[in-house]
Every structure is written in C-alpha cells, then in structure tokens.
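Residue numbers (this note's numbering): 68 to 378.
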C-alpha cells in the first residue's frame, strides 16, 4: 500500500483500523497533499487520553509532515486528548524536535529486517545461513508438516504456544481476546494469515502474519521448547518468506530488531535469529510525543517519573 509513492505501514492500513474499531476504539483517517494518517484515540495513563499514530503519519516531505502534525494537533484538541504520539514514516525529516516533537524511549520497534522477496526463490534461499537452508530443505524428512490457514478458530493453536513460551521465559503476552479479535477481523479479509508446523499431530510452531499488497509482516510467533532441536521456527519462517514471494509481494518484514551490538540486549537473541535469513536492516522511526494540553502533559510526565522512582 502506498501514498504518493511512499509505502504505508500495515498499522496505518484500513484493515488495522477495522481491528481497532472491533476493540471499540475510535480511529480517525485524514489525508492531504503528500500525507496521510490513521490516529487511534486511546486511553492513556492517569486518566488522560491520547491520539496515537503507529508508524505514522506517512509523509512525502518535511512540509507534508508539518501539515499532517498540524492536522493531528487540531484533531487532538477537538477530542480533548492531552498529547499526540507519532512515528513518522516517509522522507528524511531531519530534526523532528524543531517541530515540537519529544522523543520517548519506545513504542513500536524503530528498526526491522526486510527480506526482498521479489527475487527468485533460489536467490532468497541462497541469502540465508546454511543451517537455515538445511532445515528448510529437510523439515519434511524429519516428519514436520507446514500448514497455512485463514480460519479464525485456528488462532488457539498460536495462543496455546504463546502461553507456553510466556511461562518458559517469564514474560507477559497479550490476552487471548486480543489475538482472537485480530483473527476474527483480519483473517477473513485476507489481511492476515496463520502459519503452522506440526509434528506427530502436534502444533510445534505457529506464527501470525499481517498481509497487504506490498508486504507480509512476521508479527507474532511461538514454538514449543520440547521440540526446539527440530528447528521448526526456522523452517516455518522460511516457508512464510517463500509464501510471500509466491504471492508476488515485494517485502517480507520480519518486524522488529535491535540495532544494538550488545549481546546482553533483551532483543539480541531474536535479532540474531532474524538476521540469519539474510535481507537488510531498515530504520523506520523512533517514537515521539507532542504535548497538546501542556499542563496535563506535564502532570502526566511528572506522575510517570514518580511511579518509576517508586517501582
């Protein structure tokens, strides 16, 4: 999906808007000369609300971005939102602080890994590490079977594995209802797909991918710890990449890596995993906030700092 020849991220798509509206959130879509955004009216901490543009606005020039931000601020005022949160995508924008934007530590990942799937299948596979190529070529001999599904009921095969991973690694994941809502909205309209590896009748790896005309996005994935030596996650992601190629996509977006070289970084493990499939790093956008109601925003920042000190 493009706007003035700039690729619009899936989280700025009509399909994502439909999902957000299924959660009873209000989404505003605005477009102008060289810019476009979808902004979600969200409850923020400490009783406030905000307008959030994940991977947006999309803008073709710095001037277009300024116009989009002016539109967002006016919209925020009309909705009594204390601030706007954005991740601008498009042209090289220069120093965004000059627009009054304040960088924050994290929202959606600022860096990702792109696989060019417009190449031949042989070229795509040749770009991967040898271990990945071997696992892809031999997984059927090991007794594993690949499946792709658009059936919302199959989401439980992923959520079951996510719970297992969360327990194993002591992490928290979205509630099942969040994934079920995505499945109910996105799978029937072809805006997402489920992918599975099964072994001896058991689902041992699963992934949920977002889909648009331009790209497949490797969004959520999990695998059993017990069968890790089979390399099911590697074989599954390779199949997802090849599936994107076969659908005529341009990119398979592996969705979130760190640009840190620190081996102790909490994202170091899955960053190494994603890099093993070849491709190249793509910098998207850091996350910024723009205070609309400055007094309320300052109170919000102060309360957040106090909570951090006490935790």
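A virtual CB, placed ideally from N, CA and C, is assigned to each residue, including glycine. Keep in mind that this is a model prediction, so the values were computed, not measured.
Kindly provide the ranges of any alpha helix (DSSP H) runs that are 4 or more residues long and lie completely inside the region 204–247, ordered along the chain.
222–236
Beta-ladder partner(s) of residue 116, from DSSP:
Here the question's residue 116 lines up with position 49 in the chain shown. For residue 116, which the question treats as bridged, DSSP gives the partners 110.
Measuring only the C-alpha atoms, how far is residue 270 from residue 278?
Translated into the one-based positions of the chain shown, residue 270 becomes position 203. Translated into the one-based positions of the chain shown, residue 278 becomes position 211. Between residue 270 and residue 278, the C-alpha separation is close to 22 Å.
Look up residue 358 in the DSSP assignment and say whether it is helix, strand or coil.
Locating residue 358 in the chain shown gives position 291, where the first residue counts as 1. DSSP places residue 358 in strand when its eight states are reduced to three.
Distance, residue 167 Cα to residue 361 Cα:
Against the chain shown, residue 361 aligns to sequence position 294. Against the chain shown, residue 167 aligns to sequence position 100. So the two alpha carbons sit approximately 12 Å from each other.
Applying the 10 Å Cβ sphere with the 16-neighbour rule, what's the burial state of residue 373?
For the purposes of this step, residue 373 is identified with residue 306 of the chain shown, where counting begins at 1. By the 10 Å Cβ count, residue 373 comes out exposed.
Let me check understanding here. Comparing Cα to Cα, which of 196, 150, 260, 103 lies closest to residue 156?
Within the chain shown, numbered from 1, the residue matching residue 156 stands at position 89. Comparing Cα-Cα distances from residue 156 to each of 196, 150, 260, 103, the minimum goes to 103.
On the three-pair Cβ rule with 8 Å, is the region 254–261 touching the region 204–224?
yes
Quick one: grab the DSSP three-state call for residue 86.
For the purposes of this step, residue 86 is taken as residue 19 along the chain shown, with counting starting at 1. Correct three-state label for residue 86: helix.
Just to confirm my understanding: we take residue 101, look at its own chain, exclude 5 residues before and 5 after, and list those with CB closer than 7 Å. What are they?
Translated into the one-based positions of the chain shown, residue 101 becomes position 34. Cβ neighbours of residue 101 beyond the five flanking positions: 71, 126, 127, 128, 131.
For the pair the region 170–183 and the region 344–353, tell me if three or more CB-CB distances fall below 8 Å.
yes
Assuming residue 200 and residue 192 make a contact with CB atoms under 8 Å, what is their CB distance in whole Å?
As a first step, residue 200 must be located in the chain shown, where it is residue number 133. As a first step, residue 192 must be located in the chain shown, where it is residue number 125. Contact flag correct, Cβ pair sits at about 6 Å.
What did DSSP end up calling residue 265 once you bin it into helix, strand or coil?
One-based indexing of the chain shown puts residue 265 at position 198. Residue 265: strand per DSSP, three-state reduction.
Using 7 Å as the threshold, is the C-beta distance between residue 119 and residue 154 below it?
Here residue 119 refers to the residue found at position 52 when the chain shown is read from its first residue. Here residue 154 refers to the residue found at position 87 when the chain shown is read from its first residue. For the 7 Å CB-CB criterion, residue 119 and residue 154 do not form a contact.
Close-in-space but distant-in-sequence residues of the same chain around residue 314 (CB under 7 Å, 5 per side omitted):
The sequence position of residue 314 within the chain shown is 247, counting from 1. Closer than 7 Å at Cβ, skipping near neighbours: no residue.
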